[in-house]
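Residue numbers (the numbering used here): 1 to 268.
Right, here's the structure in full:
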């Protein structure tokens, strides 16, 4: 007996019964006997299906508690993970708060350190100033331009730090008078270096003027030399003499060798 048709979605009971009761023409079995045999076979199949269903159902029932336990375990783990994440979040907030406070404290300490360093430097420069004032007059007596320049430049550096002291103006006036005295010693040497095209001496003297914060005076001396060169050149032309017999008074050449020194000093 073919029972595969029972699983057919389009199963038709009447069609199946009529087909199952149809006997061959040469069959000697009666329809009633054949029907009884079919009923018995169906009962056996039904019993077998019931057994299978009962066994499968039992397995399903037995597996349900384990599935439920697994689901509950997953739920508990999810809750635990959520709690742990909340704790981590709070820890992060706490660390951020403490770090911010620490950073603010570090900034305050750095400001205090900077002010202390500035104060220390100011005190050192004040002490240096007093020492330099005593030394500079003695050095002026020696007429040693290099030593005088060193003292005056160091006094300028000290004064730049002591700009907030009560007697700043008196210190500034004293330094200006010393600068004027030093410039009176340096200017002839500077002009000579310009006229002789001595770039080494010119550069050294220009650096001294720069240290005194008088770069503008270098340009004035340079312009004076340039004017003098042109005046001498014009005088020679007016007298009818050759202006280039020895190349001494060519304006395009007389100061070209040190013009770059003055330009570089101005750019600084």
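Quick reminder that beta carbons are idealized off the backbone N, C-alpha and C, glycines included.
Computed from a predicted structure; not experimentally measured.
Classification of residue i by the beta-carbon crowding that lies within 10 angstroms, buried from 16 upward
i	result
residue 5	exposed
residue 209	buried
residue 247	A caution first: residue 247 carries a pLDDT of 44, below 50, which makes its placement in the model too unreliable to give a value.
residue 200	exposed
residue 202	buried
residue 11	exposed
residue 193	buried
residue 149	buried
residue 245	At residue 245, the pLDDT of 45 sits below 50, so the modelled position is not reliable and the matter cannot be decided from this model.
residue 222	buried
residue 205	buried
residue 39	exposed
residue 112	exposed
residue 71	exposed
residue 49	exposed
residue 52	exposed
residue 136	buried
residue 218	buried
C-beta contact flag for residue i and residue j at 8 Å
i	j	result
residue 154	residue 183	no
residue 152	residue 125	no
residue 212	residue 179	yes
residue 158	residue 132	yes
residue 175	residue 147	no
residue 23	residue 31	yes
residue 34	residue 21	yes
residue 140	residue 181	yes
residue 195	residue 225	yes
N- and C-terminal bounds of the alpha helix (DSSP H) containing residue i
i	result
residue 192	168-195
residue 209	199-211
residue 157	145-161
residue 17	13-21
Contact test: residue i Cβ vs the ligand SAM heavy atom, cutoff 7 Å
i	result
residue 164	Ligands displayed in this structure: none; no statement on the ligand SAM is therefore possible.
* **Contiguous alpha helix (DSSP H) assignments of at least 4 residues, all confined to the segment 48-110** => Counting only runs of 4 or more residues that sit fully inside the segment 48-110, no alpha helix (DSSP H) segment turns up.
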